[in-house]
Amino acid sequence: MFAIARHRPRVRWLTLAMLVLLAGCDRSSPEAMLDNYSTRVARTIDETIDPDLEVADALPLFPARRDRVQPLSDLRQGLIEVLALRHCDLLHLIAERNSSLGKFMAPSQQLVYELRFFDRLRACRKRLYRADESDVELLEQVNAIYAVKLRELPRALWNAIYASQEMEANFSRGDAPLPLSETDATPPAIGALEQLTDIVRLTTRPDWRPPELLARIEEPYEALHRDHFGSQLLKSVVLLTRTLESTALALERREQRYPLCPQDRATPDAKILLNVFGKFYAGEVQPYLARVHRQGERWRSLHAELLRSLPATPAMLDYWDQVYSGDNPSSLWQRYTAAREHHTQAWQSVLRRCQLMPGS
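Each residue of the sequence shown is one higher than the last, beginning at 1369 in this note's numbering.
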């Protein structure tokens, strides 16, 4: 009994240490940082701020794969008989595509297949046109297949990128927001999307050749699989939107109820508020906001380019309109930019009235 009693203070000390440790870990999260900022503003201006940082339900569901896939013509039947007549260097590719494994190709390998098939078919077509004695019927058949492949290449590229599980993972609603401790280095997912976008750009040039990246095409897909930057970005955007907007509204409510500086000069409370602004917004929130905005704009611009270049499905266009559209004022991204501007204006109004604006 005495032995047990003797160890109780130690147990209490360990429990307290664990609680302190957990609290310290919690303060390192974006949610804790944003909540701390809004709480300090609310306390200083004697207003309530409840930004509601549970954001999963605020994110639209990414379309199911069946709603992201563009239909492609099935040219496997009879294709071998047509092209084998002139040895178009496609037999091996076609055999792989017709195999049991080929029928379940990952989107990355489908991309490789489509680009190499088109390149060899185009080369074969050119040889037939240059031949002194071309088989007219064969040339017509090759031209017919070439026309289909040329028309459907953008669809094949779309499927390879947006029908993949790796891309779907970057629009999940279940990931945490972007961490606070991240560096300014380009996230792997953005680098991967840049590589895939480069492939799409390449195919718009005349006489393009399959890029060297095809030999290591799994690299960008693996990067998208490992780094869920896209889904983390969405979470961060909603967190920032709610924090900035609710804080701006609270500042405006306080000014309407009773100005912080009724005689248009700094008061003790105004100086405390300025300290909160400098230490917790400029010192903590703003650097995080700047990184999220900069990286988010790059991610968004790459997707926008792909949606302009490739035939997006109706479901994906609708999703884009809800999330990243620059034309829809209700999209997540537009609401975020509006909240950022509103927050800036609210602070400027208070600081200007209190003669605390830089340079005033």
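Here a beta-carbon is modelled for each residue, glycine too, at the ideal position from N, C-alpha and C.
Please read all numbers here as calculations on a predicted model, not as lab measurements.
### Message
Check for me: the alpha helix (DSSP H) holding Trp1526 runs from which residue to which?
### Response
Val1504 to Tyr1530
### Message
Could you compute how far the alpha carbon of Glu1536 sits from the alpha carbon of Ala1591?
### Response
CA-to-CA, the gap between Glu1536 and Ala1591 works out to about 13 Å.
### Query
Which first and last residues belong to the alpha helix (DSSP H) in which Gln1438 is found?
Careful: Gln1438 lies outside any alpha helix (DSSP H) and carries neither H nor E.
### Own chain residues within Cβ distance below 6 Å of Ala1424, not counting five before or after
Cβ within range, chain order: Arg1541.
### Message
Given a cut-off of 9 Å on the beta-carbon distance, is the pair Ala1426 and Val1644 in contact?
### Response
Not in contact: Ala1426 and Val1644 (Cβ atoms no closer than 9 Å).
### Message
Check for me: the alpha helix (DSSP H) holding Lys1639 runs from which residue to which?
### Response
Pro1636 to Val1644
#### Entry: Closest Cα partner of Asp1595 within the set Leu1570, Ala1560 and Glu1613
Comparing Cα positions, the closest option is Ala1560.
### Task
Report yes if the C-beta distance between Asp1637 and Ile1413 is below 9 Å; otherwise report no.
yes
### Query
Roughly how many angstroms separate the alpha carbons of Arg1622 and Leu1628, rounded to a whole number?
7 Å
### Query
Leu1485: buried (16+ other C-beta within 10 angstroms of its C-beta) or exposed?
Note on identity: in this sequence residue 1485 is Phe, with Leu being the wrong assignment. It counts as buried.
### Message
For a minimum of 4 consecutive residues, which ranges assigned as the alpha helix (DSSP H) are wholly contained in the segment 1576 to 1621?
### Response
1586 to 1594
### Message
Starting from Lys1494, trace the alpha helix (DSSP H) in both directions and tell me its first and last residue.
### Response
Pro1475 to Arg1498 is the extent of the alpha helix (DSSP H) around Lys1494.
### Residues near Ser1677 by beta carbon distance below 6 Å, same chain, minus five either side
Val1568
### Task
Take Pro1439 as the anchor and find which of Arg1720, Val1691, Thr1681 and Ala1714 has the nearest alpha-carbon.
Thr1681
### Query
So, do the segment 1513 to 1521 and the segment 1400 to 1411 have three or more beta carbon pairs nearer to each other than 8 Å?
As far as the Cβ criterion goes, the segment 1513 to 1521 does not touch the segment 1400 to 1411, which means the pair count is below three.
### Query
Does the beta-carbon distance from Ala1714 to Glu1620 come in below 9 Å?
yes
#### Entry: Status (buried if at least 16 other CB within 10 Å, exposed otherwise) for Lys1603
Burial is judged here by how many other beta carbons sit within 10 angstroms of a residue's own beta carbon; Lys1603 has at least 16 and is buried.
### Query
For Asp1689, which of helix, strand or coil comes out of DSSP?
The three-state reading of DSSP puts Asp1689 in helix, counting H, G and I together.
### Query
Cα-Cα, which of Ala1474, Glu1482 and Gln1563 is closest to Leu1458?
Glu1482
### Message
Between which two residues does the alpha helix (DSSP H) holding Ala1650 run?
### Response
Counting along the chain, Ala1650 falls outside any alpha helix (DSSP H), and DSSP gives it neither H nor E.
#### Entry: Residue environment, Gly1598, which counts as buried when at least 16 other CB atoms sit within 10 Å
buried
### Burial state of Asn1527 (16 or more Cβ within 10 Å)
Answer is buried; the Cβ neighbour count reaches 16.
### Message
On the criterion of 16 or more Cβ atoms from any shown chain inside 10 Å, does Asp1552 qualify as buried, or is it exposed?
### Response
When all chains shown are included, Asp1552 counts as exposed.
### Query
Out of Leu1612, Ile1462 and Ser1476, which has the shortest C-alpha to C-alpha gap to Leu1525?
It is Ser1476 whose Cα lies nearest to the Cα of Leu1525.
### Message
Does Gly1559 come out as helix, strand or coil in the three-state DSSP assignment?
### Response
helix
### Task
Please name the residue, chosen from Glu1505, Arg1493, Ala1672 and Leu1564, that lies closest to Ser1532 on a Cα-to-Cα basis.
Distances from the alpha-carbon of Ser1532 to those of Glu1505, Arg1493, Ala1672 and Leu1564 put Leu1564 closest.
### Simplified DSSP state of Ala1391, which is helix, strand or coil
Note that Ala1391 scores a pLDDT of 41, beneath 50, so its modelled location is shaky and nothing firm can be said.
### Message
Quick check on this structure: which residue in Phe1430, Pro1398, Arg1610 and Thr1416 has the alpha carbon closest to the alpha carbon of Gln1690?
### Response
Phe1430
### Straight-line Cα distance separating Leu1675 from Asp1566
14 Å
### Query
To the nearest angstrom, how far is it from the Cα of Glu1652 to the Cα of Ser1549?
11 Å
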